[in-house]
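In this note's numbering, the protein residues as written are 42 to 326.
As structure tokens, then:
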């Protein structure tokens with residue numbers, strides 16, 4: 042039963058993360074600073090996670106080991122810190138559909154690191170899936186070159202992918218010391234002062250629309266998505282969890298077309314499909 046709840050949790054997280062890129066694209070204009078935007082997202086999510094933790098059966102306990110705190114810090118700074126800032130910047134530069142497609146190759150990075158560091162054995166299909174996914178990433182990047190500033194956007198998406206990949210492993214290690222809701226809350230407590238420090242000078246760049254969209258995506262991505270994702274990692278493991286999140290790039294492309302009015306271009310469509318196929322082939326192994 043717990044296994045089924047873990048699958049349902051990561052499915053719900055994938056839906057939330059699939060919707061978020063299109064909403065971010067609506068809220069992030071050329072004058073909006075990604076650090077300030079992400080600071081609002083983190084701040085809004087804090088009371089949501091606190092309430093969930095308060096009414097849950099999980100006891101709030103902090104790590105009693107220096108290694109536990111290192112894992113918590115790494116999980117906080119890599120994924121929702123570096124990864125999400127780079128991701129938001131990428132969305133602004135190359136669009137939600139393209140950014141999410143490149144960013145979600147983190148699944149392959151997570152699988153590879155899980156083999157090296159966690160002793161998981163996804164199988165040889167991982168390498169075939171990696172090759173297919175990289176072809177898809179190349180196609181998406183080729184399409185992005187037609188847009189101003191797109192090279193920086195593609196690089197930012199790749200940075201997000203690497204940070205999320207490392208962060209997923211850090212999450213697994215941190216979950217050896219604390220529960221998923223506690224980890225979610227600790228990450229937010231660590232990120233709030235960091236995000237404010239990095240983005241307070243740029244908060245004035247956020248207009249009412251940007252603040253609204255940041256708040257909505259903060260609730261979706263951090264308030265609900267992250268706790269659900271961490272719960273899934275704690276119950277079904279890294280490999281199965283990242284497999285289900287392969288749905289998010291598909292949903293991200295769909296919602297970006299429907300909500301953000303992004304155009305469909307052949308290379309982008311093909312690249313999206315090839316990347317998703319590569320992710321599925323890799324993690325299915």
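Cβ coordinates follow ideal geometry from the N, Cα and C atoms, glycine included.
Local conformation of residue i per DSSP, three classes
{"i": "residue 220", "result": "coil"}
{"i": "residue 169", "result": "helix"}
{"i": "residue 145", "result": "coil"}
{"i": "residue 319", "result": "helix"}
{"i": "residue 160", "result": "coil"}
{"i": "residue 265", "result": "helix"}
{"i": "residue 286", "result": "coil"}
{"i": "residue 84", "result": "helix"}
{"i": "residue 187", "result": "Its pLDDT being 47, under 50, residue 187 is placed unreliably by the model, and the measurement read from it follows with that caveat. DSSP places residue 187 in coil when its eight states are reduced to three."}
{"i": "residue 42", "result": "coil"}
{"i": "residue 212", "result": "helix"}
{"i": "residue 270", "result": "helix"}
{"i": "residue 74", "result": "coil"}
{"i": "residue 248", "result": "coil"}
{"i": "residue 104", "result": "coil"}
{"i": "residue 306", "result": "coil"}
{"i": "residue 96", "result": "coil"}
{"i": "residue 136", "result": "coil"}
{"i": "residue 300", "result": "coil"}
Cβ-Cβ separation, residue j to residue i (assumed contact under 8 Å), whole Å
{"i": "residue 83", "j": "residue 233", "result": "6 Å"}
{"i": "residue 54", "j": "residue 270", "result": "4 Å"}
{"i": "residue 325", "j": "residue 284", "result": "7 Å"}
{"i": "residue 87", "j": "residue 229", "result": "5 Å"}
{"i": "residue 215", "j": "residue 224", "result": "5 Å"}
{"i": "residue 134", "j": "residue 191", "result": "6 Å"}
{"i": "residue 300", "j": "residue 122", "result": "That belief does not hold up - the Cβ atoms of residue 300 and residue 122 are roughly 26 Å apart, past 8 Å."}
{"i": "residue 260", "j": "residue 287", "result": "Their Cβ separation, rounded to whole angstroms, is 23 Å, which puts residue 260 and residue 287 out of contact at 8 Å."}
Length of the line joining the Cα atoms of residue i and residue j
{"i": "residue 313", "j": "residue 108", "result": "38 Å"}
{"i": "residue 158", "j": "residue 212", "result": "13 Å"}
{"i": "residue 298", "j": "residue 132", "result": "13 Å"}
{"i": "residue 148", "j": "residue 126", "result": "18 Å"}
{"i": "residue 59", "j": "residue 291", "result": "7 Å"}
{"i": "residue 248", "j": "residue 258", "result": "16 Å"}
{"i": "residue 262", "j": "residue 165", "result": "32 Å"}
{"i": "residue 48", "j": "residue 243", "result": "39 Å"}
{"i": "residue 156", "j": "residue 210", "result": "10 Å"}
{"i": "residue 289", "j": "residue 101", "result": "30 Å"}
{"i": "residue 61", "j": "residue 293", "result": "8 Å"}
{"i": "residue 176", "j": "residue 310", "result": "13 Å"}
{"i": "residue 178", "j": "residue 277", "result": "28 Å"}
{"i": "residue 43", "j": "residue 268", "result": "15 Å"}
{"i": "residue 200", "j": "residue 52", "result": "24 Å"}
{"i": "residue 252", "j": "residue 193", "result": "24 Å"}
{"i": "residue 161", "j": "residue 306", "result": "38 Å"}
{"i": "residue 203", "j": "residue 195", "result": "13 Å"}
Neighbourhood of residue i by C-beta, 8 Å cutoff - its chain only, sequence neighbours within 5 removed
{"i": "residue 129", "result": "65, 69, 75, 78, 79"}
{"i": "residue 171", "result": "149, 153, 319, 323"}
{"i": "residue 106", "result": "218"}
{"i": "residue 315", "result": "173, 174, 176, 177, 180"}
{"i": "residue 265", "result": "53, 54, 57, 89"}
Sequence-distant residues of its chain with Cβ nearer than 6 Å to residue i (five each side left out)
{"i": "residue 110", "result": "104"}
{"i": "residue 198", "result": "131, 140, 143, 144"}
{"i": "residue 231", "result": "117"}
{"i": "residue 272", "result": "50, 221"}
{"i": "residue 226", "result": "90, 94"}
{"i": "residue 333", "result": "Nothing about residue 333 can be reported from this structure: the residues present for the chain run from 42 to 326 only."}
{"i": "residue 256", "result": "85"}
{"i": "residue 92", "result": "none"}
Sequence-distant residues of the same chain with beta carbon closer than 7 Å to residue i, five excluded per side
{"i": "residue 187", "result": "Model confidence at residue 187 stands at a pLDDT of 47, short of 50, so the residue's coordinates are unreliable; what they give is reported in the following sentence. Around residue 187: no qualifying Cβ."}
{"i": "residue 97", "result": "222"}
{"i": "residue 274", "result": "212, 213, 216, 282"}
{"i": "residue 114", "result": "231"}
Residue i beta carbon near the ligand NAP (any heavy atom closer than 7 Å)
{"i": "residue 199", "result": "This structure does not include the ligand NAP; it has no bound ligands of any sort."}
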